[in-house]
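These notes concern the structure reproduced below.
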Amino acid sequence: QVQLVESGGGSVQAGGSLRLSCAASGRPFNINSMNWYRQAPGKQRDLVATVSSGGSTLYSDSVKGRFTISRDNANNTVYLQMNNLKPEDTAIYFCNIKTPLRYYWGQGTQVTVSS
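Convert by adding 1 to the 1-based position in the sequence shown; the result is the number in my numbering.
Dropping the structure here:
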(Lines of atoms letter the chains of each structure in order from A; the text may use other names.)
(Lines give C-alpha, C1' and ligand atoms only; values in the text may rest on other atoms or scores of the structure.)
Protein backbone atom coordinates (compact mmCIF):
# COMPACT_ATOMS: atom_id res chain seq x y z
CA GLN A 2 0.00 0.00 0.00
CA VAL A 3 1.38 3.37 -1.02
CA GLN A 4 1.79 5.95 1.73
CA LEU A 5 3.12 9.50 1.57
CA VAL A 6 4.86 10.85 4.66
CA GLU A 7 5.50 14.59 4.86
CA SER A 8 7.92 16.40 7.12
CA GLY A 9 9.51 19.82 7.54
CA GLY A 10 6.57 22.02 8.45
CA GLY A 11 6.65 24.42 11.37
CA SER A 12 6.47 28.04 12.44
CA VAL A 13 8.69 30.76 11.05
CA GLN A 14 8.77 34.54 10.87
CA ALA A 15 8.11 36.39 7.65
CA GLY A 16 11.15 36.31 5.42
CA GLY A 17 12.27 32.96 6.75
CA SER A 18 12.64 29.61 5.00
CA LEU A 19 11.38 26.08 5.38
CA ARG A 20 11.96 22.90 3.42
CA LEU A 21 9.21 20.33 3.11
CA SER A 22 9.86 16.70 2.24
CA CYS A 23 7.49 13.95 1.17
CA ALA A 24 8.56 10.34 0.84
CA ALA A 25 6.41 7.75 -0.91
CA SER A 26 6.65 4.25 0.49
CA GLY A 27 5.10 1.00 -0.68
CA ARG A 28 6.66 0.97 -4.15
CA PRO A 29 4.41 3.38 -6.03
CA PHE A 30 4.38 2.33 -9.66
CA ASN A 31 5.33 4.72 -12.47
CA ILE A 32 4.99 8.04 -10.67
CA ASN A 33 4.12 10.74 -13.16
CA SER A 34 3.87 14.15 -11.56
CA MET A 35 4.72 14.95 -7.93
CA ASN A 36 2.89 17.93 -6.51
CA TRP A 37 2.44 20.19 -3.52
CA TYR A 38 -0.93 21.67 -2.61
CA ARG A 39 -1.92 23.91 0.27
CA GLN A 40 -5.12 24.71 2.07
CA ALA A 41 -5.63 27.74 4.29
CA PRO A 42 -8.47 27.84 6.85
CA GLY A 43 -11.81 28.33 5.15
CA LYS A 44 -10.32 28.12 1.67
CA GLN A 45 -10.09 25.46 -1.02
CA ARG A 46 -7.03 23.31 -1.58
CA ASP A 47 -4.86 24.90 -4.27
CA LEU A 48 -1.94 23.63 -6.32
CA VAL A 49 1.33 25.30 -5.32
CA ALA A 50 3.91 23.53 -7.47
CA THR A 51 4.31 20.48 -9.67
CA VAL A 52 7.27 18.59 -11.09
CA SER A 53 6.90 16.11 -13.94
CA SER A 54 8.69 12.80 -14.32
CA GLY A 55 11.08 14.57 -16.67
CA GLY A 56 11.82 17.35 -14.22
CA SER A 57 9.71 20.14 -15.70
CA THR A 58 8.26 22.43 -13.05
CA LEU A 59 5.28 24.75 -12.75
CA TYR A 60 4.39 27.13 -9.94
CA SER A 61 1.39 29.14 -8.87
CA ASP A 62 1.87 32.85 -9.41
CA SER A 63 1.76 33.48 -5.67
CA VAL A 64 4.93 31.46 -4.99
CA LYS A 65 6.87 31.87 -8.24
CA GLY A 66 10.40 33.03 -7.54
CA ARG A 67 10.22 32.08 -3.85
CA PHE A 68 9.49 28.34 -3.82
CA THR A 69 11.41 25.56 -5.56
CA ILE A 70 10.07 22.05 -6.11
CA SER A 71 12.41 19.14 -6.78
CA ARG A 72 12.26 15.36 -6.78
CA ASP A 73 14.51 12.40 -6.10
CA ASN A 74 13.24 9.61 -8.32
CA ALA A 75 15.53 6.99 -6.83
CA ASN A 76 13.93 7.51 -3.41
CA ASN A 77 10.42 8.53 -4.53
CA THR A 78 10.74 11.78 -2.65
CA VAL A 79 9.59 15.29 -3.49
CA TYR A 80 10.80 18.48 -1.83
CA LEU A 81 9.53 22.03 -1.56
CA GLN A 82 12.07 24.69 -0.65
CA MET A 83 10.21 27.76 0.55
CA ASN A 84 12.11 31.04 0.85
CA ASN A 85 11.03 34.57 1.74
CA LEU A 86 7.91 33.21 3.40
CA LYS A 87 4.95 35.51 3.89
CA PRO A 88 2.04 35.35 6.36
CA GLU A 89 -0.26 34.51 3.45
CA ASP A 90 1.72 31.29 2.94
CA THR A 91 0.25 30.00 6.20
CA ALA A 92 -1.64 26.78 5.40
CA ILE A 93 -1.58 23.02 5.63
CA TYR A 94 0.66 21.73 2.87
CA PHE A 95 -0.16 18.40 1.21
CA CYS A 96 1.99 16.37 -1.11
CA ASN A 97 0.39 14.43 -3.92
CA ILE A 98 1.64 11.99 -6.51
CA LYS A 99 0.00 10.92 -9.75
CA THR A 100 0.39 7.37 -11.07
CA PRO A 101 -1.31 5.80 -14.10
CA LEU A 102 -4.01 4.36 -11.84
CA ARG A 103 -4.72 7.06 -9.25
CA TYR A 104 -3.59 9.97 -7.13
CA TYR A 105 -2.18 9.56 -3.63
CA TRP A 106 -2.22 12.19 -0.87
CA GLY A 107 -0.12 12.80 2.20
CA GLN A 108 -1.62 13.66 5.57
CA GLY A 109 -0.52 17.29 5.45
CA THR A 110 1.97 19.39 7.38
CA GLN A 111 1.26 22.77 8.96
CA VAL A 112 3.23 25.82 7.91
CA THR A 113 2.68 28.98 9.95
CA VAL A 114 4.31 32.29 9.03
CA SER A 115 4.08 35.16 11.51
CA SER A 116 4.53 38.81 10.64
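Every residue, glycine too, gets a C-beta built ideally from N, C-alpha and C.
Note that this is a predicted model, so its numbers are computed, not measured.
Would you kindly work out how many angstroms separate the C-alpha atoms of G107 and Y38, rounded to a whole number? Distance between the alpha carbons of G107 and Y38: 10 Å.
Less than 8 Å between the beta carbons of G10 and Y94, yes or no? For G10 and Y94, yes; Cβs fall inside 8 Å.
Have a look at S12, L21, Q14 and V13 and flag the residue whose alpha-carbon is nearest the alpha-carbon of V6. V6 has its Cα closest to that of L21, out of S12, L21, Q14 and V13.
By DSSP, does A75 sit in helix, in strand, or in coil? The three-state reading of DSSP puts A75 in helix, counting H, G and I together.
Rank I70, S34 and C23 by C-alpha distance to the C-alpha of I101 and give the top, closest one. Before going on, a small fix: residue 101 reads as Pro here, not Ile. Considering only alpha carbons, the answer is S34.
Three-state secondary structure (DSSP) at D90? Under the three-state reduction of DSSP, D90 is assigned to helix.
From the DSSP output, in three-state form, read off S63 for me. Per DSSP, reduced to three states, the secondary structure at S63 is coil, with no helix or strand assignment.
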